[in-house]
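Chains as they are written, first to last, in our numbering: chain A, 1 to 298; chain B, 299 to 493.
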């Protein structure tokens, strides 16, 4: 068992994918939609993968990588807060403060140096895009109960995580790559279970706004860390990786016309559109990888 | 007469103190003649070698009472080289030495013990990626002499060795993932200029 858990391919891909599918089925058949219990299960799984990838929490956290699990925990706390009134403005404000605080906490040593190199510019852009994305995704109430709506935020976090994982690994930050890969697979499993239900004529279960926030916050803070500290991470790919949440929001409004009328195709096309910047990010990172796709210690 | 004796006593005491203080010699590490090297097990295969440059720091050597000696040194993480550029840049990344966040590695001695006239043990805090861990180095004074080409230049040469574990530092997870270490053997050879 420990040998299985020690295999990065198991913990980064297979295990989270299976757990995501199981969670998707559990949410469909055993829990009401957007239940706090579901949010707690997501939170527990998230912390498990953080622990497994980064090791036990260090107290006090010194390096940025040691702070990530605490940020995830903060995201969980915020995610578990009750829904706010006033059209989600309070949720948006909280998301902005949370992302900005994470950026400053993770990057204060780099910021203190004061050098505005290409990597720092990319990190600031990633931070701002993550901030805007988190604010809109968590603050904007869905305007319709369309078939694709439950997929939009999960697909955005999955795309961000998957692109971030590959950009991170190619940027010589393997551990954060593994963590983002686990997140992508976990959410991918969830989306797969929900999509199969949609194909069978049912409706997809919503992960809930709290869960959507904690997942997006976790993925965004890891991506910010990669942007701040991975010297080989491609700056353009990093910026592209942070765009899927914005595309997800646009699909609720101006880009909605791109979705087909056929019910089973709408979540699929929405997912592909959300993943487009992520695909470009992966392509950019692979084509312009400083040393190709190989790692120095391989 | 009493006043004269008092002045003489004070002068003698002062001279004695100065003489005692004079036993402590100050040295500045000569970065051009300093090699911080390490070896670490590489997976199931062999042993990987690496080296840091840009070493700077100060040594206080008290020959009369070696326990009053001290060492303070730091070197650039960005200077690491392992005979393969790609691996070097990976080692500077956040999984290992995290150069962007912690550009230097430092050592501050906390205790110096004499073993014999030429050897001793220097214990101190090694700080890597913001995490400090106490380590003990076996140190040997190789030589201390005036430079034959410059009468104003006196240098001392030291050789030190010790062990650290990757498990004690934030790189533990990545090192374990790549099958590196966990034990790292360190060998330091350096020359220091007497001030």
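Note that beta-carbon positions come from the ideal geometry of N, C-alpha and C, so glycine has one too.
These numbers come from a predicted model, not from an experiment.
How would you label residue i, buried or exposed, when you count the other beta carbons within 10 angstroms and need 16 or more for buried?
i, result
"residue 108 of chain A", "exposed"
"residue 145 of chain A", "exposed"
"residue 443 of chain B", "exposed"
"residue 287 of chain A", "exposed"
"residue 375 of chain B", "buried"
"residue 432 of chain B", "exposed"
"residue 120 of chain A", "buried"
"residue 345 of chain B", "exposed"
"residue 86 of chain A", "At residue 86 of chain A the pLDDT is 46, less than 50, meaning the model places this residue with poor confidence; the figure from the coordinates comes in the next sentence. Counting Cβ neighbours within 10 Å, residue 86 of chain A comes out exposed, since fewer than 16 surround it."
"residue 409 of chain B", "exposed"
"residue 263 of chain A", "exposed"
"residue 201 of chain A", "exposed"
"residue 498 of chain B", "Chain B is shown only over 299 to 493; residue 498 of chain B falls outside these bounds and no answer can be derived."
"residue 101 of chain A", "exposed"
"residue 210 of chain A", "buried"
"residue 396 of chain B", "buried"
"residue 7 of chain A", "exposed"
"residue 471 of chain B", "buried"
"residue 173 of chain A", "buried"
"residue 469 of chain B", "buried"
"residue 19 of chain A", "buried"
Step through the CB atoms of chain B and report whether any lies within less than 9 Å of the CB of residue i.
i, result
"residue 86 of chain A", "The pLDDT assigned to residue 86 of chain A is 46, lower than 50, so where the model puts this residue is not dependable; a value taken from the coordinates is nonetheless given after this. Closer than 9 Å: no."
"residue 127 of chain A", "no"
"residue 206 of chain A", "no"
"residue 32 of chain A", "no"
"residue 185 of chain A", "no"
"residue 8 of chain A", "yes"
"residue 58 of chain A", "yes"
"residue 171 of chain A", "yes"
"residue 263 of chain A", "no"
"residue 290 of chain A", "yes"
"residue 226 of chain A", "yes"
"residue 110 of chain A", "yes"
"residue 194 of chain A", "no"
Taking 9 Å as the CB-CB cut-off, is residue i touching chain A?
i, result
"residue 399 of chain B", "yes"
"residue 388 of chain B", "yes"
"residue 463 of chain B", "no"
"residue 483 of chain B", "no"
"residue 392 of chain B", "yes"
"residue 344 of chain B", "no"
"residue 475 of chain B", "yes"
Residue i versus chain A: which residues are under 7 Å apart at the beta carbon?
i, result
"residue 396 of chain B", "63, 229"
"residue 352 of chain B", "None at all; the shortest Cβ gap to chain A is about 17 Å."
"residue 427 of chain B", "63"
Can you pull the chain A residues whose beta carbon is under 8 Å from the beta carbon of residue i, in chain order?
i, result
"residue 479 of chain B", "Those do not exist, as residue 479 of chain B stays about 12 Å from chain A at its closest Cβ, beyond 8 Å."
"residue 471 of chain B", "53, 54, 55, 175"
Less than 9 Å between the beta carbons of residue i and residue j, yes or no?
i, j, result
"residue 168 of chain A", "residue 222 of chain A", "yes"
"residue 171 of chain A", "residue 231 of chain A", "yes"
"residue 88 of chain A", "residue 43 of chain A", "no"
"residue 206 of chain A", "residue 139 of chain A", "no"
"residue 165 of chain A", "residue 220 of chain A", "no"
"residue 403 of chain B", "residue 389 of chain B", "no"
"residue 487 of chain B", "residue 458 of chain B", "yes"
"residue 236 of chain A", "residue 274 of chain A", "no"
"residue 14 of chain A", "residue 185 of chain A", "yes"
"residue 175 of chain A", "residue 393 of chain B", "yes"
"residue 266 of chain A", "residue 147 of chain A", "yes"
"residue 162 of chain A", "residue 188 of chain A", "yes"
Can you pull the chain B neighbours of residue i, defined as C-beta to C-beta under 8 Å?
i, result
"residue 66 of chain A", "468"
If the cut is a Cβ gap below 7 Å, which residues of chain D does residue i touch?
i, result
"residue 89 of chain A", "Chain labels in this structure do not include chain D; the protein chains are A and B."
Evaluate contact between the segment 318 to 333 of chain B and the segment 468 to 483 of chain B, counting only Cβ atoms and requiring at least three cross-stretch pairs below 8 Å. no
Would you call the segment 422 to 431 of chain B in contact with the segment 444 to 456 of chain B, where contact means no fewer than 3 C-beta pairs closer than 8 Å? no
Between the segment 337 to 344 of chain B and the segment 381 to 388 of chain B, can you find at least three pairs of beta-carbon atoms closer than 8 Å? no
Counting pairs of Cβ atoms below 8 Å between the segment 126 to 137 of chain A and the segment 240 to 251 of chain A, do you hit three or more? yes
Within 8 Å, do at least three Cβ pairs link the segment 270 to 283 of chain A to the segment 158 to 165 of chain A? yes
Check whether the segment 19 to 35 of chain A and the segment 201 to 219 of chain A touch, using three or more Cβ-Cβ pairs below 8 Å as the test. Contact holds: three or more Cβ-Cβ distances are below 8 Å.
Count Cβ pairs between the segment 209 to 217 of chain A and the segment 68 to 82 of chain A that sit closer than 8 Å; are there 3 or more? yes
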